[in-house]
Each structure stands twice: as C-alpha cells, then as structure tokens.
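Reviewing the structure listed below.
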Amino acid sequence: PLGLSIALDNLTHFAGSVQQSRDINLFLKTDIDAAAAGQVADSLRGRADVANVTLQTPDQGLQELREGAGLGEAIDALHDNPLPTLLIVTPKAGADDARLAQSLEGLPQADLVQHDALWRKRLDAWLGFGARLVQVLSVLLGLGAALVVGNTVRLDIQARREEIGVLQLLGASDGFIRRPFLYLGAWYGLGAGAVALALIGVAGLALRPPLAALSESYASPFVLHGLDLLHSSFVLVGTVVLGWLGAWLVTGHFLRQTRPTET
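Position one of the sequence shown corresponds to residue -6 (the numbering used here), numbered consecutively onward.
Right, dumping it as structure tokens:
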C-alpha cells in the first residue's frame, strides 16, 4: 500500500501539472481579421469564468507547425496560409468547462471549438478510485500486518509459558506480564516500517533515472516524488502502533484463556 500510495501521489501531481488539459481551443472563421479577433479575445477576457485568453495568429500557428511537426518543405510549398486565428481560452478554477465550451460554440465568429477535457475527467475518476482502493488495501494489509506480528509474539509467549505461569503465581498483574511483549511487538513494527521505507527508497532510486529520461523526451518537468521526513515518520509511527496492537491482542487473549497454575 505504501508503494501504491506514492505512485498514486505522483500520478496526481502529474495530472495536476497538465493545465493545458482544461484549455479550450476556439478556431475563428477564416474571414475574421486580426482586429476582429482581438475584439473577441477582449470580450472573452471579461467573462467571469475565463482566466486567460491567448491569441494565436495564422502566421504564428504556421510557424509553430513548421517547427514542431517538421513540415517545413510542405509548408513552403503552400501559396496561402490555410490556418485560422486561434484563441486558447483557459477557464478559471472551479468553472464549468463544458458549459463554457458550449457558450463559445454559440459565438458567431466561432468556426470550431475543441475541448479535450473528457480524458481529464476520466483520469480524475480513476484517481479517486485509486485513492479509495489504496485506503481499503491499507486497512486490510495493516490488519494483516498486526496479525502477523501478533502471531510472532504468540510464539514468544509460548516459549516463555512457564515463566509467565510463575509470575502469575507470584501475583504479577496482567499489565506487568503484557508489557515486554508489547515492547517486542512495537520493535517488530518499527523494523518492518524501516524495511518498507528502505525498499521504497531503493525502488525510487532505481526508477528515477529512466523516468527522468522519459520526461525529458516529452519536454515535461515531471519529477518523481518520494516520502519526506515527516511522512516517513508517520509510516514508522503507524507500523509501531500496528505492531503494538497485534501484540496487545495476542497477549490479552492468552492471559484470558490460559492461566498457568503450575511451574
């Protein structure tokens, strides 16, 4: 669950960094000149649900196509520029993107409205499902870890059964008998947490170079995030609590069900 949580957190950071997924491309009709396109852009900037509007002229679009797609020779063969003026509309945070896109389609100057945020909504839904799945797995595997620690402590209790019987005959309280096993369970939990953090750290070091090369090939600033000191401390505290809980359950059951009367 810890590795899944880190992977999900990195995927969430990646999804949040892709701001262009919310951008709406408004292609104006080819008979709209630069002055009219500027007026449309200014009117859109005054809307309450629009954060920014970027105007891209046909010449700028052609130059971008020439540099990005490697179609220089084909573009040079064109006699006229076939590209329309493009307005890149960025909605404000919390705005209804679909309603804004529908509103842009109703503009008389609009020729085509391109809105590619559907995949983002699906990604957000998958991220929500992944977060809930990680939570469920964390609870289930956390209980499993507590039971594993409890079983290990139970073996130690069985090995010291006679010693526990002597202590009970001498009037030792259940809390006094239980205390060393609780410490043992906590140490088991701490060791398990340290091993888990070490494995996650090694995995991160192994994955970071190829992921950096992949991000660089896509000109993306994405960087793999790991656990900081605070979250690592939370992990260790959580594993200690699970180990303590497992030991507490096992020792409590043993003391209730089996009370040695002979040394």
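Ideal Cβ placement from N, Cα and C applies to all residues, glycine included.
This one's a predicted model, so the numbers in the text were calculated from it and none came from an experiment.
#1: Considering only C-alpha positions, which residue in the set T145, V228 and N3 is nearest to A191?
#2: Alpha carbon to alpha carbon, how far is V106 from I17? Give it in angstroms, no decimals.
#3: Please go through the segment 86 to 131 and give each complete beta strand (DSSP E) segment of 3 or more residues, from N-terminal end onward.
#4: Taking I150 as the reference, give the member of G54, Q250, V243 and D2 with the closest Cα.
#5: Out of K85, A138 and L76, which one is the CA nearest neighbour of G54?
#6: Can you tell me where the alpha helix (DSSP H) holding L238 begins and where it ends?
#7: Please state the DSSP three-state secondary structure of L4.
#8: In or out: R125 buried (at least 16 other Cβ within 10 Å) or exposed?
#9: Suppose you measure from the CA of P101 to the CA of V43; what does that come to, to the nearest Å?
#10: Measure from the alpha carbon of V146 to the alpha carbon of each residue in A28, I25, G239 and T23, then state which is nearest.
#11: Alpha carbon to alpha carbon, what distance is there between S131 and L175?
#12: Judging by CA-CA distance, which residue of D104, S226, D167 and W180 is the nearest neighbour of Q250?
#13: Looking at C-alpha atoms only, which residue of R171, G197 and R15 is the closest neighbour of R92?
Reading it off the structure:
#1: Residue mapping note: residue 191 aligns to position 198 of the sequence shown, counting from 1. Cα-wise, what sits closest to A191 is V228.
#2: Numbered from its first residue, the sequence shown carries residue 17 at position 24. Numbered from its first residue, the sequence shown carries residue 106 at position 113. I17 and V106: Cα-Cα distance of roughly 7 Å.
#3: 103 to 108
#4: Here residue 150 corresponds to residue number 157 of the sequence shown, with the count starting at 1. The shortest C-alpha separation from I150 is found at V243.
#5: As a working mapping, residue 54 is identified with position 61 in the sequence shown. That would be L76, whose Cα lies nearest to the Cα of G54.
#6: Walking along the sequence shown from the start, residue 238 turns up at place 245. Taken as a continuous stretch (DSSP letters only), the alpha helix (DSSP H) holding L238 covers L222 to Q250.
#7: What you label residue 4 is simply residue 11 of the sequence shown in a count that begins at 1. In the structure shown, L4 sits in a helix (DSSP, three-state: H, G or I).
#8: Residue numbering aside, residue 125 sits at position 132 when the sequence shown is read from its first letter. Classification for R125: exposed.
#9: As a working note, residue 101 is residue 108 in the sequence shown. As a working note, residue 43 is residue 50 in the sequence shown. If I take the Cα positions, the gap works out to 19 Å.
#10: Walking along the sequence shown from the start, residue 146 turns up at place 153. Measuring from the Cα of V146, the nearest candidate turns out to be G239.
#11: Within the sequence shown, residue 175 is the residue found at index 182, counting from 1. Within the sequence shown, residue 131 is the residue found at index 138, counting from 1. One C-alpha to the other measures close to 22 Å.
#12: Stepping through the sequence shown from its first residue, residue 250 is reached at position 257. Of the listed residues, the one whose Cα sits closest to Q250 is D167.
#13: Reading the sequence shown from its first residue, position 99 is the one you call residue 92. Of the listed residues, the one whose Cα sits closest to R92 is R15.
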